[in-house]
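Only one structure is covered here, and it is reproduced in the block below.
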Amino acid sequence: MALNEHGQYEAYAVTQNDRTQPQPSASASKVCPFSANVPDEDTIGLGLFSDACGQKVDGLGYFRSLYGGHVTQEGFRERGSSGGFGSWILNELLETGAVDYVIHVRPAAPEQSENLLFSYQLSGSPQEIALGGKSRYYPVELSEALKEVRKTPGRYAIIGLPCFIKSIRLLQQNDPVMKERIRFCIGLVCGHLKSSGYAESLAWQAGIASDRLKRIDFRVKDNTDRADRYCTLAASDTEERIIPTKELLGTDWGAGTFKYKACDFCDDVFAETADLVLGDAWLPQYVHDPLGTNLLVVRNKHLEGLLLSAAEDDRIEIKPLSVEETLLSQDAGLRHRREGLSYRLRLEQDAGHWTPPKRISASSKRLPKHERQRQLLRIRMREISHTSFLKAKTAGDLSIYLDSFGTVYREYKRIRPGLIEKLLAKLKKLKQKLLGRP
Ligand SMILES: Cc1cc2nc3c(=O)[nH]c(=O)nc-3n(C[C@H](O)[C@H](O)[C@H](O)COP(=O)(O)OP(=O)(O)OC[C@H]3O[C@@H](n4cnc5c(N)ncnc54)[C@H](O)[C@@H]3O)c2cc1C
Numbered sequence: 004m005a006l007n008e009h010g011q012y013e014a015y016a017v018t019q020n021d022r023t024q025p026q027p028s029a030s031a032s033k034v035c036p037f038s039a040n041v042p043d044e045d046t047i048g049l050g051l052f053s054d055a056c057g058q059k060v061d062g063l064g065y066f067r068s069l070y071g072g073h074v075t076q077e078g079f080r081e082r083g084s085s086g087g088f089g090s091w092i093l094n095e096l097l098e099t100g101a102v103d104y105v106i107h108v109r110p111a112a113p114e115q116s117e118n119l120l121f122s123y124q125l126s127g128s129p130q131e132i133a134l135g136g137k138s139r140y141y142p143v144e145l146s147e148a149l150k151e152v153r154k155t156p157g158r159y160a161i162i163g164l165p166c167f168i169k170s171i172r173l174l175q176q177n178d179p180v181m182k183e184r185i186r187f188c189i190g191l192v193c194g195h196l197k198s199s200g201y202a203e204s205l206a207w208q209a210g211i212a213s214d215r216l217k218r219i220d221f222r223v224k225d226n227t228d229r230a231d232r233y234c235t236l237a238a239s240d241t242e243e244r245i246i247p248t249k250e251l252l253g254t255d256w257g258a259g260t261f262k263y264k265a266c267d268f269c270d271d272v273f274a275e276t277a278d279l280v281l282g283d284a285w286l287p288q289y290v291h292d293p294l295g296t297n298l299l300v301v302r303n304k305h306l307e308g309l310l311l312s313a314a315e316d317d318r319i320e321i322k323p324l325s326v327e328e329t330l331l332s333q334d335a336g337l338r339h340r341r342e343g344l345s346y347r348l349r350l351e352q353d354a355g356h357w358t359p360p361k362r363i364s365a366s367s368k369r370l371p372k373h374e375r376q377r378q379l380l381r382i383r384m385r386e387i388s389h390t391s392f393l394k395a396k397t398a399g400d401l402s403i404y405l406d407s408f409g410t411v412y413r414e415y416k417r418i419r420p421g422l423i424e425k426l427l428a429k430l431k432k433l434k435q436k437l438l439g440r441p
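Numbering-wise (our numbering), the sequence shown opens with residue 4 and increments by one.
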């Protein structure tokens, strides 16, 4: 895996000297989550979870139980992005002897290649696990960490985004060593992955240009505000800036700045092949708590046992959530990966481009006109954020990015539904209310 000029990882054939064009290979296409030659999340989930899970819901996948909650055991919630379950569950698996190591994302050591700020690493102690808290909206890749797993016998747990976990499951189907060693897959609910340009653009707006950026924290909790009003911390060797994230251009997740193009062809929000999935519980009953609350989708009996016993010991607080609440908490992400994806597939196919096989079919009929306009501008914003930021870096002038992206973003924010669309939306809400659904 190597970084391209836009700060995104791409796969190259090992023997390839010319890294200007990524190349497919037969072995890579057996594990690439977007390959046409691999089973989809429904098929993988069926093999893994149909016995352990009583239920499966479209968009959510299989599950045994659904919860909202946070960790009360010391330090986890404070060090985490949300309720702290990401580091807690890895720690719990290690402390209870279920695994010997965890594979997670930590700040990269300065000597690591390509000057990246974060990377996948192995941790074998609670102290090391504590270094890995927080969401890293940043490019990461697994090949180096997996080389270590192959070298070091033991039992492992891994945490990752839906497409990374799918890749691990595919690898396990083809590789008995990985199947035997990786015992638990923890998934993160995912909006999309960012290139390194995202971190650099935030830090530069805060006054720290890319060449000076040494540390970034995308999720500094503002203990006086709502959970979704967090701050960004950017630091050089000599100074540290903390700015409310919403004041920085490009941080509206809907706009999709610095997104990988592959993310626009993903239909897995809830890491449907993971044993346990963690996200932010963006729900009215939780969003006002500035310390953050997790959403948990449990698909594995052992992990459910760990959660229930920790709840009895008052080390965590969890409350059951309904399917509707769970889906509602990721409403925007699901719409983008359902109706939105259907339209984006139509656009790509009409342009004669290859698209990965998806569980959603291509159509332009599932979206009203103003939503189609939004989708077109989201695609434009994804593209323009990469190209204009590269130009800005080359010229040493941040305004090139801010002006180019800002113009399209303002146009995007002006889009409103027409009269008929507003009326239809009201009718839909009324129908849902009458049927008692949120
Ligand atoms: C790119 C990205 C997009 C996300 N999109 C959404 C979303 O749309 N909706 C939503 O509800 N939640 C989303 N999340 C998840 C959310 O931000 C929190 O990570 C999650 O709620 C867990 O928080 P926590 O406090 O329990 O975890 P913490 O205790 O903070 O632990 C986080 C764990 O995740 C690991 N980690 C951090 N970054 C990465 C990464 N890039 N790849 C793999 N592992 C990583 C860390 O190593 C750590 O083990 C996203 C996360 C990422 C990284």
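Cβ atoms here follow ideal geometry from the backbone N, Cα and C, with glycine treated the same way.
What you are looking at is a predicted structure, and each value in this text was computed from that prediction instead of being measured.
Near ligand 1: residue i beta-carbon under 7 Å from a heavy atom
i	result
C193	yes
Y141	yes
K137	yes
H339	no
F88	yes
V223	no
N297	yes
D283	yes
S122	no
L252	no
I168	no
H9	no
I162	yes
S84	yes
R109	yes
G336	yes
Q333	yes
L174	no
L196	yes
F79	yes
Neighbourhood of residue i by C-beta, 6 Å cutoff - its chain only, sequence neighbours within 5 removed
i	result
E95	L309
K361	D270
R109	Q124, L134 and G135
T442	One cannot answer for residue 442 here, as it falls past the ends of the chain, which runs 4 to 441.
Rounded straight-line distance, which links the Cα of residue j to that of residue i
i	j	result
H373	E315	49 Å
C188	N118	28 Å
R338	P420	16 Å
D240	A209	15 Å
R417	F79	40 Å
P441	D292	The predicted position of P441 is uncertain, since its pLDDT is 45 and thus under 50; a value taken from the coordinates is nonetheless stated next. Distance between the alpha carbons of P441 and D292 is about 21 Å.
L311	Q378	42 Å
L205	F221	9 Å
K150	G200	27 Å
F186	I162	First, the amino acid is wrong: residue 186 is Arg here, not Phe. Their backbone Cα atoms lie some 11 Å apart in a straight line.
K436	L236	42 Å
D267	R340	8 Å
A238	K431	47 Å
T99	F167	25 Å
A55	H356	39 Å
R215	D400	15 Å
S213	R229	30 Å
N303	V152	23 Å
K137	G282	12 Å
Residue-level contact to chain D via CB, residue i, 8 Å cutoff
i	result
H389	Chain labels in this structure do not include chain D; a single protein chain is all it has.
Contacting residues, own chain, Cβ-Cβ under 8 Å from residue i (five flanking each side not counted)
i	result
S170	V34, C35, P36 and L145
I132	S90, L93, N94, L97, V105, H107 and S126
Q352	T358 and A365
R375	Y346 and S367
D2	Since the first and last residues shown for the chain are 4 and 441, residue 2 lies out of range.
L427	P371
Test item: CB-CB of residue i and residue j under 8 Å
i	j	result
F52	Y70	no
S85	T296	yes
E44	D271	yes
A395	I403	yes
K262	R82	no
L294	A284	no
Y141	K197	yes
G190	P165	yes
G72	E307	no
V192	F273	yes
L252	L350	no
Own chain, CB closer than 7 Å to residue i, minus 5 neighbours either side, in chain order
i	result
A258	R381, M384, Y412 and Y415
D231	W285 and V290
T248	Y233, C234, T235 and T254
A335	G257
K217	A238, S239 and D240
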